[in-house]
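Participant: When you line the sequence shown up against UniProt numbering, it's residues 1 to 359, in that order.
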Amino acid sequence: MNRLLQHKAETLNQLSVLCGVPIRSTKVEKARSLLHTINFYLRLPPTLDLVAIDIGIKNFSYCKITAFDVATFSPTSLPLKVSFNSWKTINLTEKYPPNGDFDKFNRYGSFDYNDLLHDKYYLSYLNYRVFQELFTPNQHHLNVVLIETQRTKSNNNKVTLPNILGNYHFENLFYAQMLRTTLESKQPLESLLLPMNSNKMTSFTINRFLDKVHINSANSKKLRLRFFIHLVNKGILQLDSSLSLPTDSRKLLAFYNSREPIKIKKLDDLFDSFLYNFNFMYNYSNSVCLHHYLQKEKDLDELVHLLNYDQLTNLHDLFTNENYSLNSSFADFHEGVSRPTFDIDRTLWELEPLVNDIE
Numbered sequence: 001m002n003r004l005l006q007h008k009a010e011t012l013n014q015l016s017v018l019c020g021v022p023i024r025s026t027k028v029e030k031a032r033s034l035l036h037t038i039n040f041y042l043r044l045p046p047t048l049d050l051v052a053i054d055i056g057i058k059n060f061s062y063c064k065i066t067a068f069d070v071a072t073f074s075p076t077s078l079p080l081k082v083s084f085n086s087w088k089t090i091n092l093t094e095k096y097p098p099n100g101d102f103d104k105f106n107r108y109g110s111f112d113y114n115d116l117l118h119d120k121y122y123l124s125y126l127n128y129r130v131f132q133e134l135f136t137p138n139q140h141h142l143n144v145v146l147i148e149t150q151r152t153k154s155n156n157n158k159v160t161l162p163n164i165l166g167n168y169h170f171e172n173l174f175y176a177q178m179l180r181t182t183l184e185s186k187q188p189l190e191s192l193l194l195p196m197n198s199n200k201m202t203s204f205t206i207n208r209f210l211d212k213v214h215i216n217s218a219n220s221k222k223l224r225l226r227f228f229i230h231l232v233n234k235g236i237l238q239l240d241s242s243l244s245l246p247t248d249s250r251k252l253l254a255f256y257n258s259r260e261p262i263k264i265k266k267l268d269d270l271f272d273s274f275l276y277n278f279n280f281m282y283n284y285s286n287s288v289c290l291h292h293y294l295q296k297e298k299d300l301d302e303l304v305h306l307l308n309y310d311q312l313t314n315l316h317d318l319f320t321n322e323n324y325s326l327n328s329s330f331a332d333f334h335e336g337v338s339r340p341t342f343d344i345d346r347t348l349w350e351l352e353p354l355v356n357d358i359e
């Protein structure tokens, strides 16, 4: 705790970004949040089964992977130590139609009841089916479940509001299903359910390095898709042809071959579901690096520089090809910087005595 408080607030802010921690208002809160986060990651095994979920009733995407040696993950690794277990985009209303298996559970029959009641009942049914698909007994155990947080505003667009609220309710039902299964099952789920935010993911992965002139909502989707292709082209990410890909796997092939992601619709959620996993791997590795630097009493400003530039090395070719300029904070960037390597010590920090001493 003392080691963290010796550094400037901006250094702690940078470490918070790198470790996926909300930026708190005071230095003590920043330091406490970072130490809690380090302890969280140190409790996780070195090899993780992850699933990231991008919610949509007609476009439900998820990416289930096994990530090996996550604590030593580096974005410049060739290739990433990742095994894809399942990667899909599903139209839930087609796979589980209301006139299909749902009728067996529909106690109302043909009774002319309120449509809202039917929608809620059916939404709960879809959620149950999704949960079964993700947590089937013969599937890999999931250490971490990442779920995209859903907005509740439609920017005054009444047409999209029902869909937005449906996704929001679906998200809440998923949390309830996780808790109910954990409380009632003879073999409780040990999975950690963590919310993820699309804007924060894009900001951490790409946007924070760019000049603000390149950052806008129209550019965001294009950048994420091209970043995914960039990972494949550089051999950092290797796709297995036997993967369970989108409903029409030819779209992915066309998408990859064309190098024009803007022409292909409905695949951005699929790639986002992988990028959430990618983001989590960064945060895990960065937190372990911070733990090591604190233990060895090394310079944290140096660590911020190493972690940022290691990540930026992976992006530099993409930015150059797209004619994107870096923001002033990274104007002195040069390739060849890499994150430190070390033997991992998973000794947890004793937080409360340290916090009490400071306060």
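Cβ atoms here follow ideal geometry from the backbone N, Cα and C, with glycine treated the same way.
Shortest alpha-carbon distance to R3 belongs to which of L123, F330, S325 and K298?
Facilitator: The residue you call residue 3 lines up with position 3 of the sequence shown. Taking only the C-alpha atoms, the option nearest R3 is K298.
Participant: Please say whether I344 and A71 have beta carbons closer to each other than 8 Å?
Facilitator: Residue mapping note: residue 71 aligns to position 71 of the sequence shown, counting from 1. Residue mapping note: residue 344 aligns to position 344 of the sequence shown, counting from 1. In contact: A71 and I344 (Cβ atoms closer than 8 Å).
Participant: Scan the region 62-106 and note each continuous alpha helix (DSSP H) run of 4 residues or more that stays entirely inside, going in chain order.
Facilitator: For the region 62-106, whole alpha helix (DSSP H) runs of length 4 or above, ordered along the chain, are 92-95 and 102-105.
Participant: Taking the alpha carbon of N197 as the point to measure from, which residue in Q6, K158, V21 and Q14 has its own alpha carbon closest?
Facilitator: Numbered from 1 along the sequence shown, position 197 holds the residue referred to as residue 197. Of the candidates Q6, K158, V21 and Q14, the one whose C-alpha sits nearest the C-alpha of N197 is V21.
Participant: Name the DSSP beta bridge partners of M196, please?
Facilitator: To locate residue 196, count along the sequence shown from 1; it is residue 196. Partner(s): E148.
Participant: Please classify H292 as buried or exposed, where buried requires at least 16 neighbouring CB atoms within 10 angstroms.
Facilitator: Walking along the sequence shown from the start, residue 292 turns up at place 292. Label assigned to H292: buried.
Participant: Thinking just about the alpha-carbon of each residue, which of T202, I215 and V213 is nearest to the one in F228?
Facilitator: Here residue 228 is taken as the residue at index 228 of the sequence shown, counted from 1. Taking only the C-alpha atoms, the option nearest F228 is T202.
Participant: Using the Cα positions of P162 and S191, report the straight-line distance between them to the nearest angstrom.
Facilitator: Within the sequence shown, residue 162 is the residue found at index 162, counting from 1. Within the sequence shown, residue 191 is the residue found at index 191, counting from 1. Answer to the nearest angstrom: the Cα atoms are 30 Å apart.
Participant: Enumerated in chain order, which unbroken segments of the alpha helix (DSSP H) with a length of 4 residues or greater are wholly contained in the region 268-344?
Facilitator: Runs of the alpha helix (DSSP H) inside the region 268-344: 268-295 and 300-321.
Participant: Assign F131 to one of three DSSP states: helix, strand, or coil.
Facilitator: Locating residue 131 in the sequence shown gives position 131, counting from the first residue. F131: helix per DSSP, three-state reduction.
Participant: Under a three-way DSSP split, which group does D119 fall into?
Facilitator: The residue you call residue 119 lines up with position 119 of the sequence shown. Residue state, collapsed to three classes: helix.
Participant: Let me check understanding here. Comparing Cα to Cα, which of V51, I55, D69 and G56 lies closest to C63?
Facilitator: Counting from one through the sequence shown, the residue named residue 63 turns up at place 63. The candidate whose alpha carbon is nearest that of C63 is V51.
Participant: I'd like the list of long-range same chain contacts for L92, defined as Cβ closer than 6 Å, with 5 residues on each side in sequence excluded.
Facilitator: Residue 92 sits at position 92 when you count from the first residue of the sequence shown. If we look at L92 and ignore the five residues flanking it on each side, its Cβ neighbours are I57, F60 and L126.
Participant: Do you know offhand how far L348's Cα is from L42's?
Facilitator: Here residue 348 corresponds to residue number 348 of the sequence shown, with the count starting at 1. Here residue 42 corresponds to residue number 42 of the sequence shown, with the count starting at 1. If you take the alpha carbons of L348 and L42, they lie about 7 Å apart.
Participant: Given the structure, does L267 come close to the ligand MG, in the sense that its CB is under 7 Å from one of the ligand's heavy atoms?
Facilitator: In terms of ligand content, the structure shown is empty, and the ligand MG therefore cannot be addressed.
Participant: Compute the Euclidean distance between the alpha carbons of V159 and A9, then round it to the nearest angstrom.
Facilitator: Sequence index remark: in the sequence shown, residue 159 carries index 159 (1-based). Sequence index remark: in the sequence shown, residue 9 carries index 9 (1-based). Those two C-alpha atoms are separated by around 44 Å.
Participant: Would you kindly check if the distance between the Cβ of E148 and the Cβ of I65 is under 8 Å?
Facilitator: As a first step, residue 65 must be located in the sequence shown, where it is residue number 65. As a first step, residue 148 must be located in the sequence shown, where it is residue number 148. Cβ distance not < 8 Å, so I65 and E148 don't count as in contact.
Participant: In angstroms, rounded to a whole number, what distance separates the CA positions of Q177 and K30?
Facilitator: For this step, residue 177 is matched to residue 177 along the sequence shown. For this step, residue 30 is matched to residue 30 along the sequence shown. The straight-line gap from Cα to Cα measures roughly 32 Å.
Participant: Can you tell me which of the three DSSP states M48 falls into?
Facilitator: For this step, residue 48 is matched to residue 48 along the sequence shown. The residue you asked about is not Met; residue 48 is Leu in the sequence shown. Of the three classes helix, strand and coil, the one that applies to L48 here is strand, per DSSP.
Participant: Taking the straight line between their C-alpha atoms, what separation do you get for L223 and L275?
Facilitator: Indexing the sequence shown from 1 puts residue 223 at position 223. Indexing the sequence shown from 1 puts residue 275 at position 275. Cα to Cα, L223 sits roughly 12 Å from L275.
Participant: Put R346 into one of helix, strand or coil per three-state DSSP.
Facilitator: The residue labelled residue 346 in the question sits at position 346 within the sequence shown. In this structure, R346 counts as coil in the three-state DSSP scheme.
Participant: Contact check, residue 365 vs I23 under 8 Å by CB: the rounded distance?
Facilitator: Any answer about residue 365 is impossible in this case: the structure gives the chain only from 1 up to 359.
Participant: Classify I38 as helix, strand or coil using the three-state DSSP reduction.
Facilitator: Numbered from its first residue, the sequence shown carries residue 38 at position 38. Reduced to three states, the DSSP call for I38 is helix.
Participant: What do you reckon, are the CB atoms on Y96 and R129 nearer than 8 Å?
Facilitator: Counted from its first residue, the sequence shown places residue 96 at position 96. Counted from its first residue, the sequence shown places residue 129 at position 129. A contact, by the Cβ cut-off of 8 Å.
Participant: When you compare only the Cα positions, how much space is there between L146 and Q6?
Facilitator: For the purposes of this step, residue 146 is taken as the residue at position 146 of the sequence shown. For the purposes of this step, residue 6 is taken as the residue at position 6 of the sequence shown. Approximately 33 Å between the Cα atoms of the pair.
Participant: R32 to V232, Cα distance in whole Å?
Facilitator: For the purposes of this step, residue 32 is taken as residue 32 along the sequence shown, with counting starting at 1. For the purposes of this step, residue 232 is taken as residue 232 along the sequence shown, with counting starting at 1. Their backbone Cα atoms lie some 38 Å apart in a straight line.
Participant: Provide the residue span of the alpha helix (DSSP H) that contains V17, from first to last.
Facilitator: Taking the first residue of the sequence shown as 1, we reach residue 17 at position 17. First-last of the alpha helix (DSSP H) with V17: A9 to C19.
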